[in-house]
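Whatever position you read off the sequence shown (first residue = 1), add 17 for the numbering used here.
Note that the Cβ used here is the ideal one computed from N, Cα and C, for glycine as well.
Source: prediction; values computed, not measured.
Below: the structure, in structure tokens.
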Amino acid sequence: MDNRPIGLLDSGVGGLTVVKEVLRQLPNESTVFIGDQARLPYGTRQPEQIVRFTRQLVHFLQAQNVKMIVIACNTATATALPILKQELNIPIIGVIDSGSRAAVQVNKNQKIAVIATPATIKAHAYQQALLKLAPTAQIKGLATPEFVTMVERNQYQSSSSQEIVTQILQPLRTFSMDTLILGCTHFPLLGPLIQQAVGSNVHLIDAGAAAVQAVHTQLQQLNLAAVQPELIQHQYYTTGDPRQFEEIANDWLAPQHIHARHIDVEELKS
Ligand code: I24
Ligand code: DGL
18 MDNRPIGLLD SGVGGLTVVK EVLRQLPNES TVFIGDQARL PYGTRQPEQI VRFTRQLVHF
78 LQAQNVKMIV IACNTATATA LPILKQELNI PIIGVIDSGS RAAVQVNKNQ KIAVIATPAT
138 IKAHAYQQAL LKLAPTAQIK GLATPEFVTM VERNQYQSSS SQEIVTQILQ PLRTFSMDTL
198 ILGCTHFPLL GPLIQQAVGS NVHLIDAGAA AVQAVHTQLQ QLNLAAVQPE LIQHQYYTTG
258 DPRQFEEIAN DWLAPQHIHA RHIDVEELKS
């Protein structure tokens, strides 16, 4: 048993979709979350930069004495996880392997599609993970950066967004997959609109939720699960404006009350 917190990182606040799953699936665990809002978005950046930023966030979490690190960001997982894994001596887990496993488990027609940021699609990380698990499957990746913007503009609930979502997913129409991976932190919020666009016979895979199941399994296997903790604590850090972080986090994680602390990017570099 180990009552130290799990560390989670993201390019911004989107990773709170993964935090929400931790709160739901692993209620005994404490967490430390850091969102790099000052340098968001990662999805349109070059790989070298994403690796450098992610490494800084990982070092910050290590200094908080976490027992395990979860890269909640798909873009950071796709570009930086393979490199950072080799540099670390604590368990580190991303959102891509587990999302791929969940997809292969439900997939029947050998066609799996992935929607994600441009950087995640370019890295071919889902492609590689999926083909390792299902070598004969056909995989199609589609970058949908507009979906990130739509969520951040609060357009994820309005029915007027349906037409746009359907339009953007048009390139998947002829592919006729039965499984679609939501390969970006923000996309679960568009779940209902995406489901409506692709039809009810397509399985949507929430990569973040699948990752938290994998975290659960790893904690058990490594004997790192928290047991009867006296105090469960959730700490939040952002490189951006903590009040703006709190506003989104309090809405998303209600009824939890979130207090966020600012951490300067200059401090992360040292
Ligand atoms: N959702 C996300 N990021 C934002 C946002 C959002 N603004 C509104 N909503 N902004 O990510 C990112 C950039 N900002 C952050 C604040 O400082 C300035 C820069 C997705 C979060 C998913 C948990 C929409 C919104 C919300 C509350 C809850 C959920 C949500 F306002 F999607
Ligand atoms: N968190 C990112 C992801 O999951 C989306 C936002 C960004 O581009 O930084 O890919």
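One or two residues paired with residue i in a DSSP bridge
i           : result
residue 167 : Residue 167 is not bridged to any residue.
residue 48  : 23 and 251
residue 86  : 24 and 109
residue 133 : 160
residue 220 : 196
residue 128 : 155
Segment limits, alpha helix (DSSP H) that includes residue i
i           : result
residue 249 : Note, residue 249: premise wrong, no alpha helix (DSSP H); not H, not E.
residue 226 : 224-238
residue 268 : 259-269
residue 97  : 91-104
residue 143 : 142-150
residue 69  : 64-80
residue 209 : 208-215
residue 190 : Neither: residue 190 is in no alpha helix (DSSP H) and is coded neither H nor E.
residue 33  : 33-42
residue 285 : 282-286
Near the ligand DGL: residue i beta-carbon under 7 Å from a heavy atom
i           : result
residue 165 : yes
residue 31  : yes
residue 27  : yes
residue 133 : yes
residue 137 : yes
Cβ-heavy atom distance, residue i to the ligand I24, below 7 Å
i           : result
residue 195 : no
residue 261 : yes
residue 169 : yes
Range covered by the beta strand (DSSP E) that runs through residue i
i           : result
residue 196 : 196-199
residue 279 : 277-279
residue 155 : 155-160
Same chain, Cβ closer than 8 Å to residue i, neighbours up to 5 away in sequence not counted
i           : result
residue 279 : 254, 255, 256, 257, 258 and 259
residue 179 : 210, 213 and 214
residue 281 : 256
residue 205 : 34, 199, 223, 225 and 226
residue 18  : 240, 241, 242, 243 and 244
C-beta atoms of residue i and residue j nearer than 8 Å
i           : j           : result
residue 154 : residue 114 : no
residue 83  : residue 41  : no
residue 32  : residue 90  : yes
residue 108 : residue 26  : no
residue 142 : residue 192 : no
residue 72  : residue 101 : yes
residue 196 : residue 219 : yes
residue 227 : residue 110 : no
residue 159 : residue 189 : yes
residue 140 : residue 64  : yes
residue 96  : residue 67  : yes
Contacting residues, own chain, Cβ-Cβ under 6 Å from residue i (five flanking each side not counted)
i           : result
residue 269 : 33
residue 120 : 129, 196, 198 and 222
residue 187 : none
Sequence-distant residues of its chain with Cβ nearer than 7 Å to residue i (five each side left out)
i           : result
residue 172 : 178
residue 200 : 91, 116, 131, 132, 133, 137, 143 and 224
residue 161 : 132 and 185
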